[in-house]
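Okay, structure first, notes after.
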Amino acid sequence: MAESSQVDPQVLKPHRRILELDSLRALAAINLLLFHFTHVYSVKFGYTSPLGFEWPYGAYGVEMFFILSGFVNSMSLMRRGKPVDFVAARLIRILPIFLIVIVANLWIMSCAPLNETGITTAQFAANLTLLPRVFGQECFDPVMWTLQIEMMFYFTLVALYRFGGLTRYFVGWGSLLLLSYFVCPMLDASEPAAGQTGWFAVATAVRRLLLLDFVPLFAMGFLLYMIKTKTGTQWQNLLGILVAAFVFHSIDHGKHNPLATALILALVTACAYGKVPVLRFKPLLFVSTISYALYLCHNNLGCVLIHRLDHSGYPPRVCFGLAVVFAFSLATLVTTRIEGPITSWLRRRWERYRNGEPAAATVEMAQVSQPEA
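Each residue of the sequence shown is one higher than the one before, starting from 12 at the first, in the working numbering.
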């Protein structure tokens, strides 16, 4: 089995952008916005009168996003073949707008209905790292917990790549799936007795650092990519997906419906093969370009706006509608006027650095400045 699962790096270089996968990212962002503006807002803060409808399916959007992330980021890393370029591309894409939003949240969190608890210096510093829960702090914006998981997945993927876990991926991912299957239920069922908290703390740290609660979802995406690129033995890849799905639902405590997981896998697979042309709908593709800004900017600002409008006498559906329009408008503005220019500038600088252009420019300037003999 190990021999048949070796990765041929020449195979893993698709040249065509898969538009349907972009649209899935847009659908995940829209799902999250609807979830937060209807179900979550109603539960946490409450409209002054019933909204009349809810969208309680946010967990399935997250599930689809992590499976999609396993596919897309495996493709990105394999295509580049250099972990440093992969990590740089991810950080350039994520960090600038994230840091701007984190600073903006210092003001946003002071507004009702979010001003129940203040922001400590330790919490602010931890949030700047993108990994606040690693340092025992909560995210400013509850939605950002998924970004923390995503960032940790990048480093897990790179570690697997560097230590051969993607060359013999049934060993790499298989080891993580075994840990997920045994460690997560054990910790969920255990209450450490006095004097036995040490092992529990270590096991919990391992669970969080290795993303054991989410490894099955990322593994499914990775194995779908192996199938797409005809890498390894196909029946083994299919069996691996079934095993990952089994592990996920074994540790999930019934939070997700297995049928929904099967449908999500089918949808991601069909999109990977370009078999869902309806998802090439241009407005949906546009939403995919602003999906990251929409993800970062919608929740806290949206809650503040809904609260202000709702307590000013506007009907709940009007509050909801205006918050949706505001979120999409702001995401478009942030993407085109802030994120796009900053990201393009950083990418150019990184490419020049990787190509040795700064050093070449320095040598040329030195030669020009030397006096003629």
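Beta carbons: idealized from backbone N, C-alpha and C, even for Gly.
*Does the distance from the CB of residue 354 to the CB of residue 103 come in under 8 angstroms?*
yes
*asked:* Quick check on residue 258: does DSSP put it in helix, strand or coil?
replied: helix
*When you compare only the Cα positions, how much space is there between residue 371 and residue 358?*
Only weak support is given to the placement of residue 371: the predicted model assigns it a pLDDT of 46, under 50, and the value that follows is read from those uncertain coordinates. Spanning the two alpha carbons is a distance of roughly 18 angstroms.
*Where residue 201 and residue 153 are concerned, what is the direct C-alpha to C-alpha distance, given to the nearest angstrom?*
27 angstroms
*Residues near residue 309 by beta carbon distance below 6 angstroms, same chain, minus five either side*: 44, 338
_Pick from 111, 101, 287 that is closest to residue 151, judged by C-alpha positions_ = 111
*asked:* Here's the rule: buried if 16 or more other CB atoms are within 10 angstroms of the residue's CB, otherwise exposed. What is residue 210?
replied: exposed
*Skipping 5 residues on each side, what residues in its chain have a beta carbon closer than 8 angstroms to that of residue 184?*
171, 176, 226, 230, 233, 234, 251, 255
*Excluding the five sequence neighbours on either side, which residues of its own chain have a C-beta within less than 6 angstroms of the C-beta of residue 270, listed in chain order?*
none
*residue 257 to residue 321, Cα distance in whole Å?*
44 angstroms
*Express the C-alpha separation of residue 149 and residue 127 in angstroms, rounding to a whole number.*
14 angstroms
*Taking all protein chains shown into account, decide if residue 294 is buried (16 or more other Cβ within 10 angstroms of its Cβ) or exposed.*
By the 10 Å Cβ count, residue 294 comes out exposed.
_Cut-off 6 angstroms between Cβ atoms - residues of its own chain near residue 330, not counting five sequence neighbours on either side_ = 317, 320, 321
*asked:* Between which two residues does the alpha helix (DSSP H) holding residue 91 run?
replied: 69-91
*Measure the C-alpha to C-alpha separation of residue 129 and residue 37 and round it to an integer number of angstroms.*
33 angstroms
*With a threshold of 16 other CB atoms inside 10 Å of the CB of residue 33, please say whether the residue is buried or exposed.*
buried
*Could you check which residue in 90, 327, 298 has the C-alpha nearest to that of residue 347?*
Checking every option, the nearest Cα to that of residue 347 belongs to 298.
*Alpha carbon to alpha carbon, what distance is there between residue 64 and residue 245?*
43 angstroms
*Cβ neighbours of residue 365 in the same chain (closer than 6 angstroms, five flanking residues each side left out)*: none
*Whose C-alpha, out of 88, 288, 192, 328, is nearest the C-alpha of residue 261?*
192
*According to the Cβ coordinates, are residue 31 and residue 290 closer than 8 angstroms?*
yes
*So, is residue 368 buried or exposed, given that buried needs 16 or more other C-beta atoms within 10 angstroms?*
exposed
*Can you have a look at residue 21 and say buried or exposed, based on whether 16 or more other CB atoms are within 10 angstroms of its CB?*
Caution is warranted here: a pLDDT of 38 is assigned to residue 21, below 50, making its placement in the model unreliable, and no coordinate value can be reported.
*For residue 71, which option in 219, 208, 278, 113 has the closest C-alpha, if you only look at C-alpha atoms?*
278
*First through last residue of the alpha helix (DSSP H) which encompasses residue 159*: 156-173
*Output the distance between the C-alpha atoms of residue 42 and residue 69, rounded to the nearest integer angstrom.*
6 angstroms
_Alpha carbons only, please: which of 307, 356, 324 is nearest the one belonging to residue 119?_
307
_Span separating the alpha-carbon of residue 223 from that of residue 190_ = 7 angstroms
*Could you spell out where the alpha helix (DSSP H) holding residue 283 opens and where it closes?*
269-283
*asked:* Do residue 315 and residue 125 have their beta-carbon atoms positioned less than 8 angstroms apart in this structure?
replied: yes
*Output yes or no for whether 8 angstroms exceeds the beta carbon distance between residue 94 and residue 173.*
In this structure, residue 173 lies closer than 8 angstroms to residue 94 by Cβ.
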